[in-house]
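Take a look at the structure below.
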Amino acid sequence: MPRHTVLAWCLLACAGTSAHATTVYRCVDSANHVSFRQQGCPEEMIGKPQKISNVSTDHSNPRRRAPSSKPRASQGEARELVVVGTHHDKCGSQLTSRDRRRAIIEKRIVPGMTQEDVQSALGTPDRVATTNGRTQWRYESERGRSRTVTFDNEGCVTTKR
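Laid out in structure tokens, this is it:
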């Protein structure tokens, strides 16, 4: 068999493989314009995920349509929107991420920082004391000076001395 024939048979065999399904989002804006997106809908649009199946090019094995599902009663209810990629701060987002990074680099401690932020800026404390749910970290310098950082029961900086 010539090489071209073998190559043609290999290509035909590969072409018959099934295509994968994917999910896209159907987004509707306030003017009822519809757009389809792969990464989700912007905040000003309402969106629903849509499962899309690619059409097979293999005509010898026709696809059967999926049986239509009856609409569920809960389908009409609005589901809670989950925003992915935002920073959740247990200290109430008193600091922007830019201010937080700058304070850590400059070794400044400001209210609203977490224990992890303080440890990033100053290192491991020399002494730790806990009283009535409040934690105090004490840092001793080589010159005899000390620095005390106080955390609330959530692990957020409240004061520094």
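Mapped onto mature numbering (1 follows the signal peptide of the UniProt record, and there is no 0), the consecutive letters of the sequence shown carry residue numbers -21 to -1, 1 to 140. Just so it is clear, CB atoms sit at the ideal spot from N, CA and C, and this is done for glycine as well.
Check                                                                                                       : Outcome
Alpha-carbon spacing of residue 1 relative to residue 27, whole angstroms                                   : 14 Å
Residue 124 beta carbon less than 8 Å from that of residue 117                                              : no
Cross-strand partners of residue 6 (DSSP beta bridge)                                                       : 14, 26
Candidates 101, 112, 14: closest to residue 127 by CA position                                              : 101
Coil, strand or helix - residue 84 by DSSP                                                                  : helix
Residue 88 burial status per 10 Å Cβ neighbour count (16 or more: buried)                                   : buried
7 Å Cβ shell around residue 131 - same chain, five flanking residues per side excluded                      : 113, 137
Residue from 10, 129, 14 with nearest C-alpha to residue 111                                                : 129
Cβ neighbours of residue 120 in the same chain (closer than 8 Å, five flanking residues each side left out) : 126
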